[in-house]
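A.B. asks:
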Ligand code: HEM
Ligand SMILES: Nc1ncnc2c1ncn2[C@@H]1O[C@H](COP(=O)(O)OP(=O)(O)OP(=O)(O)O)[C@@H](O)[C@H]1O
Ligand SMILES: Nc1ncnc2c1ncn2[C@@H]1O[C@H](COP(=O)(O)OP(=O)(O)OP(=O)(O)O)[C@@H](O)[C@H]1O
Ligand SMILES: [Mg+2]
Ligand SMILES: [Mg+2]
């Protein structure tokens, strides 16, 4: 399983390195979303600053969708999907590999986005470690949930539209817990912030576990 | 040109009727985005109510991306794209037809979204006609800009990620003018609201005109 | 009469690769030309260039009287291309696909049914979305589009591939008819025994250039040869 | 020895359509079976069902000792399928595609280069992303994947289509070798004159069923026939 | 058999619902604080309860049973689909009754509190399930896809339940299902509420039965179509002797109906 996961993640990341989609398209997109939020909410610095964590995580959510879509666009042809199924790779390995590749790209996105809110919204962290831990847990959860649903809609011609519909509500808890944890990290309310990690942690654990178990039957169908 | 436009719009809408993507996927997605915004911004009724127009238009923007992606997913295969170019259809006709189909779907999305913000954000309009005029103009502009950029990214394997990146910044003026016009429609500040229509109108006109002129060269490249 | 296709030292780029590296070729209206050559020779690129889909960057390239380097769009509506992958909308049925193409070309919709019948797309096959057809059925549908549009230049990329014996002899008939009606036909193939009997000229390509032009069997002699060819396939 | 493929009244659905409507077929290890039949007969569906990609909903279906109706996943890693469209990652080069498949199967990467050389994918072709290869080059790359994995059951869907003469004789050699090494080969085709000489049995399909089984020329006699076949193609 | 069961459940649902309405509207007293509005108490919590636990619980359970190889059968798929559809209706009703209740008590139709939002998300999640179900595919493929979607979506249910505890909010906290399982509502109100739960559960069971039967009928139509297309397919062979007997009664439409 682990060997397969490494193999799949390697392939996905190599394709990413070659096409540079995450770097040149998803990262700018995420920043753009942040800026648009700024526009939509109008001026008012203070309001923006309090909204910043929520907006950050919304931008991360939308980026997750793009990264996941891209991850499955790689196998969009019927041929490639068949190929992956015939390759003799453990489905759990495919899941873990794809999720790892997505997570790696999300980390890159978040580094830029984090810098973005610090610069654009004038945000300053009181407890950086809290924000970091929250991000790591959230990234795992987002990647796992995204890939799980990506597989669900991968074979379909309607995947562009179906995937956001399926993924967004599922990752809403990440949005909430993530933004609250970041708010806490900004204000320094470490105790209350840490309690949100108790949602992010189990969320990630549940979806990774579900992916490992359910990816097999899913690949079957695609 | 018009005959071709009708033909292309008919084809796109027929495929939509057959797959019901807009109805079953984009409309719920739009509502979902609205709910997520509410969630991300936390309680605080008054703040939400003032933010409502901005959130509405953000949701419309994201839906535009989905509808446009879907519109070009129809011609995603290399064969179909060649086919459309070889069909002898006036490029301007292709543009107008695709834009009309996108606009029709956006109208459906907006009807539901409008009901959504009235119920969820407790919004009440003082000058409904203003909101309606703003919507019509904005829809035209969004559809035109979306289709124009959709064509740009249609041939590429990275269209899932490239399209949002290209379209979102371009339609930012719609976001701003639309939200300000709706804010005015809510508070009843008709005069200031009408001035925003002076942005939406030319925006739509410019992009429709650009589409008619530029679609030919664009199709060339794809 | 002017030639339907006239290329002189034509260079065409696929991406940044010179898929055609100086092609000389002339096809007169009413002529059938078979293009042979190993994988990667540039056959597909040649046909796509003639269809105005691949930019010709140097040399002369005139197709149906239009200069490809000046205005590719004008050529496109007048040629018909059967590519490696059929250009069909997967969600629409074969009938709807053909109807769309016919109406796009501004032709009367009456041609649709005849074309579908001709290609044997009847009954269930006419009602099934093209995405669910078998490989050969898809190629038949793509051919039906060509038949219905009856272009002035037919560009057929390995047209026999995927077709069964009956469809092959049907195809041969279509090519002959088109040529007799004055259309030019350019077809690529890896099966000389199927295509050479159809051809007025046989062109060999390699490395993006035409290496050899031979005279094919003349068409009057053909009908018997075609019969024999399709019989050996059945 | 147990048969590699054993189907009894097997019904398989593609979507909701009974693409296979009761197939009886047995292929022993070391045997080459050619499947012929008109467009829509169910050849592709038969191969995909044997690969465990299409659900068999009734009848018996045992492939390589695994019951397809119970566990399709177990079969998949042991068969190799060359489908109508090559299963390649467009962004990766032919070499990287083959390497991925080989490592996924848990085999040593040393097989990669040999397979690519064998299929004539050398020089520039090895460094070009698969999405930019010509149709025939893509099929060669897909074949290289099979060669490198050397599965126990080869499922070749119209393998000759798109290949040039040299690749065709290469393919014939590969099929013979695989059979001699004990693998079973099931190949569909519209070109009896190319495939029948390879086959131990020739199966005709129509309407999703096997309508006729004939004995093909025995392999010992073959080598000369193959030579002749490829000569006539060149 | 199922027809009779359906009829009787329908009847029982009708009677209990009528009884709840009667008790709720005329017999029980208006409450001190909320006045007459309290009568929504007999509808809203039961509806919410049915949506969350009965409907989506059943959907998740049957999805697990479908995916588990030993119990795999299209029965579970149909049951799950029926449960989801009814659950979506009940979730929508929860939102509607909640909003109706919220307008007078909180002064607004909607607040962005955790329970309300997560309930809304739940609705969208299962709308996504229904969108997925509409995507054309063979029954097995669709069943598998939808089963996974239902299980994944079910994760939101505990979030809805615990949302009031995790995010202290406006919404009522465990009135009935509080951790100590002590009733905080008294007398006739408690009885009426209990009856409301029973009534809604019966309505739920009845609707699921009806939906299930519709699914079966649709599948039967599908099977008949399949048999037709199978014989059409045989006809394609043109004059080949009729198919072997074993094929004429394939197990798919014999065994799993
Ligand atoms: C749109 C608005 C509302 C929504 C979406 C909503 C949703 C829900 C849900 C999902 C439950 C079931 C919780 C569970 O069983 O775990 C519930 C229970 C309940 N709701 Fe609401 N509700 C809304 C408005 C209201 C209002 C305005 C009130 C009263 C002021 C109210 C009072 C209750 C009560 C008393 C319960 C039972 C509590 C329990 O058993 O835990 N709800 N609601
Ligand atoms: N998803 C589907 N839905 C409905 N019908 C389908 C589907 N897939 C295949 N079919 C039908 O099944 C039949 C068999 O298809 P198959 O691809 O197996 O044929 P084939 O023998 O490979 O034909 P060809 O020689 O054209 O490749 C065809 O009539 C096709 O229309
Ligand atoms: N986008 C591209 N980028 C780089 N090289 C390309 C591109 N498209 C085609 N080529 C190269 O151009 C050459 C000619 O391709 P073409 O498809 O015309 O060959 P062909 O004669 O049709 O071959 P086949 O018989 O395999 O179909 C091939 O070597 C191919 O690798
Ligand atoms: Mg080619
Ligand atoms: Mg086939």
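Chains as they are written, first to last, in our numbering: chain B, 1 to 222; chain P, 223 to 444; chain C, 445 to 678; chain Y, 679 to 912; chain F, 913 to 1169. In this text, a Cβ means the ideal position worked out from N, Cα and C, and glycines have one as well.
Just the C-alpha distance for residue 361 of chain P and residue 325 of chain P, rounded to the nearest angstrom, thanks.
C.D. replies: Going by the C-alpha atoms only, they are around 6 Å apart.
A.B. asks: Please list, in chain order, all residues of the same chain as residue 1113 of chain F whose beta carbon is under 7 Å from its beta carbon, the five residues on each side excluded.
C.D. replies: Here the set comprises 962 and 966.
A.B. asks: Mind checking which residues open and close the alpha helix (DSSP H) that includes residue 620 of chain C?
C.D. replies: First-last of the alpha helix (DSSP H) with residue 620 of chain C: 609 to 624.
A.B. asks: Is the closest heavy atom of ligand 1 to the C-beta of residue 224 of chain P under 7 Å?
C.D. replies: Residue 224 of chain P Cβ: outside cutoff for every heavy atom of ligand 1.
A.B. asks: Examine chain P for any beta-carbon lying closer than 8 Å to the beta-carbon of residue 170 of chain B, and answer yes or no.
C.D. replies: Output row for residue 170 of chain B: interface = no.
A.B. asks: So, does the CB of residue 19 of chain B fall closer than 8 Å to a CB anywhere in chain Y?
C.D. replies: Closer than 8 Å: yes.
A.B. asks: Confirm, please, whether the CB-CB distance from residue 448 of chain C to residue 473 of chain C is below 8 Å.
C.D. replies: Contact flag set, yes.
A.B. asks: Can you list the residues near ligand 5, meaning Cβ strictly closer than 7 Å to any non-hydrogen atom, in the order they appear in the chain?
C.D. replies: Result: C:578, C:579, C:580, Y:721, Y:722, Y:762, Y:835, Y:836 and Y:866.
A.B. asks: Does ligand 1 have even one heavy atom less than 7 Å from the beta-carbon of residue 696 of chain Y?
C.D. replies: Residue 696 of chain Y Cβ: outside cutoff for every heavy atom of ligand 1.
A.B. asks: Quick one: grab the DSSP three-state call for residue 673 of chain C.
C.D. replies: Note that residue 673 of chain C scores 34 on pLDDT, short of 50, meaning its location in the model is unreliable and no value can be drawn from it.
A.B. asks: Secondary structure at residue 557 of chain C, three-state DSSP: helix, strand or coil?
C.D. replies: Residue 557 of chain C: helix per DSSP, three-state reduction.
A.B. asks: Going by the beta-carbon positions, is the gap between residue 513 of chain C and residue 500 of chain C smaller than 8 Å?
C.D. replies: Yes; because the gap between Cβ atoms is below 8 Å, this pair is in contact.
A.B. asks: Alpha carbon to alpha carbon, how far is residue 996 of chain F from residue 1052 of chain F?
C.D. replies: Using only the alpha carbons, I get a separation of about 18 Å.
A.B. asks: Within 7 Å: the Cβ of residue 576 of chain C and any heavy atom of ligand 2?
C.D. replies: Correct: residue 576 of chain C has its Cβ closer than 7 Å to ligand 2.
A.B. asks: Classify residue 660 of chain C: buried if its beta carbon has 16 or more other beta carbons within 10 angstroms, exposed otherwise.
C.D. replies: Result: buried.
A.B. asks: Can you check which of these residues, P:226, P:231, P:403 and P:407, is closest to residue 321 of chain P by C-alpha distance?
C.D. replies: Minimum Cα distance to residue 321 of chain P is reached at P:231.
A.B. asks: Spell out whether any CB of chain Y is found under 8 Å from the CB atom of residue 611 of chain C.
C.D. replies: At least one chain Y Cβ lies under 8 Å of residue 611 of chain C.
A.B. asks: Write down the C-beta distance between residue 185 of chain B and residue 130 of chain B rounded to the nearest angstrom, noting that I regard them as a contact closer than 8 Å.
C.D. replies: Right, their Cβ atoms sit about 4 Å apart.
A.B. asks: Going by C-alpha distance, which of F:1120, F:1033 and F:1064 is nearest residue 213 of chain B?
C.D. replies: Minimum Cα distance to residue 213 of chain B is reached at F:1064.
A.B. asks: Any beta carbon from chain C within less than 8 Å of residue 775 of chain Y's own beta carbon?
C.D. replies: No, residue 775 of chain Y lies away from the interface with chain C (no Cβ there is under 8 Å from its Cβ).
A.B. asks: Rounded to the nearest angstrom, what separates residue 367 of chain P and residue 115 of chain B at their Cα positions?
C.D. replies: Going by the C-alpha atoms only, they are around 30 Å apart.
A.B. asks: Can you check whether the CB of residue 421 of chain P is closer than 8 Å to the CB of residue 536 of chain C?
C.D. replies: No, the Cβ-Cβ distance between residue 536 of chain C and residue 421 of chain P is not below 8 Å.
A.B. asks: May I ask whether a heavy atom of ligand 1 can be found less than 7 Å away from the beta carbon of residue 951 of chain F?
C.D. replies: Residue 951 of chain F Cβ: outside cutoff for every heavy atom of ligand 1.
A.B. asks: Sorted by chain position, which residues of the same chain lie with C-beta nearer than 6 Å to residue 311 of chain P's C-beta, five sequence neighbours on each side aside?
C.D. replies: The answer, listed in chain order, is 226.
A.B. asks: So, is the C-beta of residue 1029 of chain F closer than 8 Å to a C-beta in chain P?
C.D. replies: At least one chain P Cβ lies under 8 Å of residue 1029 of chain F.
A.B. asks: Could you please give the first and the last residue of the uninterrupted beta strand (DSSP E) stretch that includes residue 598 of chain C?
C.D. replies: Residues 597 to 601.
A.B. asks: Mind checking residue 12 of chain B: buried by the 16 CB within 10 Å criterion, or exposed?
C.D. replies: Per the 10 Å Cβ criterion, buried.
A.B. asks: Cα separation between residue 386 of chain P and residue 162 of chain B?
C.D. replies: Cα to Cα, the separation comes out at about 16 Å.
A.B. asks: Of all the options Y:834, Y:803, Y:832 and Y:718, which has the alpha carbon lying nearest to the alpha carbon of residue 819 of chain Y?
C.D. replies: Per the Cα distances, Y:803.
A.B. asks: Do residue 369 of chain P and residue 248 of chain P have their C-beta atoms closer together than 8 Å?
C.D. replies: Not a contact, by the Cβ cut-off of 8 Å.
A.B. asks: What is the rounded straight-line gap between the Cα of residue 1007 of chain F and the Cα of residue 1027 of chain F?
C.D. replies: Straight-line Cα distance between these residues: approximately 11 Å.
A.B. asks: Who are the neighbours of residue 691 of chain Y on chain F, taking C-beta pairs under 7 Å?
C.D. replies: 1050, listed in chain order.
A.B. asks: Between residue 884 of chain Y and chain F, is any beta-carbon pair separated by less than 8 Å?
C.D. replies: Yes, residue 884 of chain Y counts as interfacial toward chain F.
A.B. asks: Who are the near neighbours of residue 939 of chain F in its chain, counting only those whose CB is closer than 7 Å to its CB and skipping five residues on each side?
C.D. replies: These residues qualify, in order along the chain: 1100.
A.B. asks: The beta strand (DSSP E) spanning residue 922 of chain Y covers which residue range?
C.D. replies: Chain Y is shown only over 679 to 912; residue 922 of chain Y falls outside these bounds and no answer can be derived.
A.B. asks: Are the C-beta of residue 261 of chain B and some C-beta of chain P separated by less than 8 Å?
C.D. replies: This structure gives no information on residue 261 of chain B, because the portion of chain B shown stretches from 1 to 222.
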